[in-house]
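Counted from 1, the sequence shown has number 271 at position 271 by full-length UniProt numbering; the numbering is strictly sequential. A short worksheet on the structure shown next.
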Amino acid sequence: MARARDESSPLFAGNAAGTLRLIVYLALAMVLMVLDHRNGWLWRLRDTASAVVEPVYRLAGLPAVGVRTMSVAFADRQRLTEQNQRLREDLLLANAKLNRMAAVAEQNQRLKELLDTQHSLDLNVQLARVIGVDLGAYRYQLTLNMGARDGVRPGQPVIDAHGVMGQVKEVLPTTSVVMLITDPAHAIPVVVERTGLRTVAYGSRDGDELALPTIPLAADVRVGDKLLTSGLGGRFPPGFPVGDVRSVAPAPTGMFLVALAKPAADIDRSEDVLLLHDQAEPDGPPAPVKPMGPPSQLAPGASVGAPAAAGEVKP
Numbered sequence: 001m002a003r004a005r006d007e008s009s010p011l012f013a014g015n016a017a018g019t020l021r022l023i024v025y026l027a028l029a030m031v032l033m034v035l036d037h038r039n040g041w042l043w044r045l046r047d048t049a050s051a052v053v054e055p056v057y058r059l060a061g062l063p064a065v066g067v068r069t070m071s072v073a074f075a076d077r078q079r080l081t082e083q084n085q086r087l088r089e090d091l092l093l094a095n096a097k098l099n100r101m102a103a104v105a106e107q108n109q110r111l112k113e114l115l116d117t118q119h120s121l122d123l124n125v126q127l128a129r130v131i132g133v134d135l136g137a138y139r140y141q142l143t144l145n146m147g148a149r150d151g152v153r154p155g156q157p158v159i160d161a162h163g164v165m166g167q168v169k170e171v172l173p174t175t176s177v178v179m180l181i182t183d184p185a186h187a188i189p190v191v192v193e194r195t196g197l198r199t200v201a202y203g204s205r206d207g208d209e210l211a212l213p214t215i216p217l218a219a220d221v222r223v224g225d226k227l228l229t230s231g232l233g234g235r236f237p238p239g240f241p242v243g244d245v246r247s248v249a250p251a252p253t254g255m256f257l258v259a260l261a262k263p264a265a266d267i268d269r270s271e272d273v274l275l276l277h278d279q280a281e282p283d284g285p286p287a288p289v290k291p292m293g294p295p296s297q298l299a300p301g302a303s304v305g306a307p308a309a310a311g312e313v314k315p
């Protein structure tokens, strides 16, 4: 009985029929290659087949492309987030350094102005730093980091680069308290620079201006006039700026003019001040005259002879 032919036998079997098919296929392939090489009529078929198959390739590669894109996007987002955080920290640090540099530059400028004031006026001064500010009700004073151990004395004038700030009120071993010229309990003799009028400037209850309540009605005082220390009393040396007149009006009593002035010194902003040394002591009343006694020839026990009468001859 003959064996049935195996349907799953190879295309090119090892028998004569398989060899013949192989030869036929090879010949056909050779003919197609020669024709394609000489005429090129198969390129349209290849292009069409590529155009048909390419979307299938793209569709098959979409999952891999999507996964790769998502991983890259996530990595880029994480990297950008980290860079953004670092940039924020750098920006904050740079702003802090810039603000610090601006503050240091401003402080250096103020110190330069103080030194220029010292050199231009040839003053014996002492630099002090403000460590406390007390602007309470009806009391305006500063605390300095210099005290009795540093040679500070009560009554010393205190100035900054722009004008008079006040005078030392209380001295402790390592600190001192300064009464500002805007304190209601403070008064300073001033002179109007333009006219030479002398008057007294008092502190005000508001604590940010000076009051001149006793200006004669006939006096020539205008807005913008500069007030300088007059030197009267000997406490403040003459010629230091005190303030600028901001308003002039008659007093409610109608007997005087009242002027308000803004202090020339940066009272609410100064961090460094100058203490004036070697100033004259305040002038007071003259010393009492020592009582004079009788002349020595009139002292008790001395004999005094009476003059001779006219025409009398002494023996």
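Note that CB positions come from ideal geometry on N, CA and C, so glycine has one too.
Beta-carbon gap between residue i and residue j smaller than 8 angstroms
{"i": "Val158", "j": "Val171", "result": "no"}
{"i": "Val242", "j": "Arg222", "result": "no"}
{"i": "Gly163", "j": "Ala264", "result": "yes"}
{"i": "Pro184", "j": "Gly155", "result": "no"}
{"i": "Val125", "j": "His277", "result": "yes"}
{"i": "Ala201", "j": "Leu227", "result": "yes"}
{"i": "Thr174", "j": "Arg149", "result": "yes"}
Other residues of its chain near residue i: CB distance less than 7 angstroms, five sequence neighbours each side excluded
{"i": "Thr199", "result": "Val190, Leu212, Thr214 and Ile215"}
{"i": "Ile267", "result": "Met165, Leu180 and Thr182"}
{"i": "Ser176", "result": "Leu144, Met146, Gly147, Val152, Val168 and Glu170"}
{"i": "Val192", "result": "Val221, Asp225 and Leu227"}
Terminal residues of the beta strand (DSSP E) in which residue i lies
{"i": "Met146", "result": "Met146 -> no beta strand (DSSP E), and no H or E assigned at all."}
{"i": "Ile159", "result": "Pro157 to Ile159"}
{"i": "Arg129", "result": "Val125 to Gly136"}
{"i": "Arg246", "result": "Pro241 to Pro250"}
{"i": "Ala261", "result": "Leu257 to Pro263"}
{"i": "residue 345", "result": "Look at the range of the chain in this structure, 1 to 315, and you will see that residue 345 is not part of it."}
{"i": "Gly203", "result": "Arg198 to Gly203"}
{"i": "Thr214", "result": "Leu210 to Ile215"}
{"i": "Ala188", "result": "In the sequence as displayed, the identity of residue 188 is Ile instead of Ala. Counting along the chain, the beta strand (DSSP E) containing Ile188 begins and ends at Ala187 to Val192."}
{"i": "Asp272", "result": "Asp272 to Leu276"}
{"i": "Thr229", "result": "Lys226 to Thr229"}
{"i": "Leu232", "result": "Neither: Leu232 is in no beta strand (DSSP E) and is coded neither H nor E."}
{"i": "Val177", "result": "Ser176 to Leu180"}
Contacts around residue i, its chain only, beta-carbon distance under 6 angstroms, and the 5 residues preceding and following it disregarded
{"i": "Gly132", "result": "Thr143"}
{"i": "Gly129", "result": "Note that residue 129 corresponds to Arg in the displayed sequence, not to Gly. Cβ within range, chain order: Asn145 and Asp272."}
{"i": "Asp134", "result": "Gln141"}
{"i": "Met89", "result": "A small correction: the amino acid at residue 89 is Glu; Met does not occupy that position in the sequence shown. Result list for Glu89: empty, nothing under 6 angstroms."}
{"i": "Ser270", "result": "Asp160"}
{"i": "Ala94", "result": "none"}
{"i": "Leu80", "result": "none"}
Residue from the options whose Cα sits closest to the Cα of residue i
{"i": "Arg194", "options": "Ala265, Asp225, Gly203 and Glu209", "result": "Asp225"}
{"i": "Gln109", "options": "Asp208, Val245, Ala161 and Ser176", "result": "Ala161"}
{"i": "Ala187", "options": "Leu274, Glu209 and Leu197", "result": "Glu209"}
{"i": "Met255", "options": "Val65, Asp47, Tyr138 and Leu217", "result": "Leu217"}
{"i": "Gly136", "options": "Leu28, Gly207 and Asp90", "result": "Gly207"}
{"i": "Ala219", "options": "Arg235, Leu197, Val53 and Gly233", "result": "Leu197"}
{"i": "Val258", "options": "Gly233, Val245 and Val56", "result": "Val245"}
{"i": "Leu274", "options": "Thr253, Leu127 and Gln78", "result": "Leu127"}
Contacting residues, own chain, Cβ-Cβ under 8 angstroms from residue i (five flanking each side not counted)
{"i": "Gly231", "result": "Pro189, Pro237, Pro238 and Gly239"}
{"i": "Gly293", "result": "With a pLDDT of 48 at Gly293, under the threshold of 50, the modelled position of this residue cannot be trusted; read the value that follows with caution. Correct list: empty, nothing qualifies."}
{"i": "Thr48", "result": "none"}
Every unbroken alpha helix (DSSP H) inside the region 26 to 106 [4 residues or more]: Segments of the alpha helix (DSSP H) lying fully in the region 26 to 106: there are none.
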